[in-house]
Structure formats: C-alpha cells, structure tokens
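Peer 1:
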Amino acid sequence: MNLPQQIATHFRTFYAGGNWTDVNLKDSLAGVDWELATTQIYSCNTIATLVFHMNYYVSRVLKVFQGQPLDAHDNNAFDLPPINSEEEWESLRDKAFADAEAFANLIEQLPESKFEEIFVKEKYGNYYRNIHGIIEHNHYHLGQIVLLKKIIAQLDF
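So for the sequence shown, UniProt numbering puts the first residue at 1; every next one is plus one.
See below:
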C-alpha cells in the first residue's frame, strides 16, 4: 500500500472503524435520532452541531482537492441550520459520510509529492499537515460526541 492509500485508509477508519482508538463515527452515531442529536447539554455543542462542524472542514478541503479555491472561515464552522426532523438529521449525517468517502478517494489519487506541497497558503502548512489535522480534529470531536451520549443517557431525557 502506498502513502496516499495509507493516509486514505487512516481517514476512512475514523468513519467506519478499524482505527487505533477503536471508536468510529458510524458506530458512535448508531441509534442517535434527530432529537438526541439536537439535545443541548449545558453549554456544549449538540451532537448534530459537532457532525456539521467536523464535516465543515472536510467539505471545504474536498473542494480544494477538486480544484476550487479554499472558502472556509472558522467563524462559520459551527453554523448548523436548525434540524427539525429525522430526515434533516439523516441528510446531515449522509452528507458527512459521502463527503468523507469523496475526500478519501481524492487522497488516494494524490501523488506522494503532493503531501509536501503548500496547502493553498504557506501559513496553512502542507497537504500532509492539513489532512492529518482533519483526522486529529475529528477524533477530538468524536470524543465529545461519545461523552455527550453518555451524559444524555445519565440525565434520562
């Protein structure tokens, strides 16, 4: 397996399992309906907001991989439109998984030399740093999702 394939596999395992942490988004969201996903606990982000936020960066970098300019602003990264139904929750979830698979497919197509190239602007570092940063970022927020589910279950909403 070459480097792009290894990195794409590492990215995919966050979503579908088989990573070192033995926690993945698919299993963590199993059984989460729209009401649970939008339950506000204390001042924490909701599960739905965290899914949106994780996918915000994946979807923006995906566009760069597709030849479009980077259009990402940290102040918009939590701007989830209201979720008022199971269909809207499923749509958000499906988009996150579809974008992730498209992202992984494009990682596999990158030549190894691309990982050392500057990602858009020098201040963002190289492609390798950005791809792995997204993986680390997603694991961080996945931990929050797991904790929110446990807290909500204890509070018995």
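Don't be surprised by glycine CBs; every beta carbon is placed ideally from N, CA and C.
What you are looking at is a predicted structure, and each value in this text was computed from that prediction instead of being measured.
(1) Please name the residue, chosen from F11, Q5, L147, G143, that lies closest to I134 on a Cα-to-Cα basis.
(2) Using 8 angstroms as the limit for Cβ to Cβ distance, is L62 near chain C?
(3) Among H73, S113, F78, V58, which residue has its Cα nearest to the Cα of K95?
(4) Touch check for the segment 6–24 and the segment 122–142: three-plus C-beta pairs under 8 angstroms?
(5) Mapping the DSSP letters down to three states, classify N105 as helix, strand or coil.
(6) Should T49 go down as buried or exposed, given a rule of 16 or more other Cβ atoms within 10 Å for buried?
(7) Take E86 and list the residues in its own chain whose beta-carbon comes closer than 8 angstroms to its own, dropping the five residues that flank it on each side.
(8) The alpha helix (DSSP H) that contains W34, what's its start and end?
(9) Taking all protein chains shown into account, decide if A30 is buried (16 or more other Cβ within 10 angstroms of its Cβ) or exposed.
(10) For a quick check, are the C-beta atoms of A16 and N24 less than 8 angstroms apart?
(11) Could you spell out the range, first to last residue, of the alpha helix (DSSP H) harbouring N130?
(12) Do the segment 60–69 and the segment 96–111 make contact, defined as three or more Cβ pairs closer than 8 angstroms?
(13) Return yes when the Cβ of L70 is within less than 8 angstroms of the Cβ of V120, no when it is not.
Peer 2: Once the coordinates are examined:
(1) For the options F11, Q5, L147, G143, the alpha carbon positioned closest to that of I134 is the one of F11.
(2) In the structure shown, chain C cannot be found, because there is only a single protein chain.
(3) Ranking the options by Cα distance to K95, first place goes to V58.
(4) Contact between the segment 6–24 and the segment 122–142 is present, because at least three Cβ pairs lie under 8 angstroms.
(5) In this structure, N105 counts as helix in the three-state DSSP scheme.
(6) When all chains shown are included, T49 counts as buried.
(7) Result list for E86: D33, W34, in chain order.
(8) Where W34 is concerned, the enclosing alpha helix (DSSP H) stretches over 34–37.
(9) Around the beta-carbon of A30, fewer than 16 other beta-carbon atoms lie within 10 Å, marking it exposed.
(10) Result yes, Cβ atoms of A16 and N24 sit closer than 8 angstroms.
(11) That run of the alpha helix (DSSP H) goes 127–155.
(12) Yes, since at least three Cβ pairs between the segment 60–69 and the segment 96–111 fall closer than 8 angstroms, the two stretches touch.
(13) For V120 and L70, yes; Cβs fall inside 8 angstroms.
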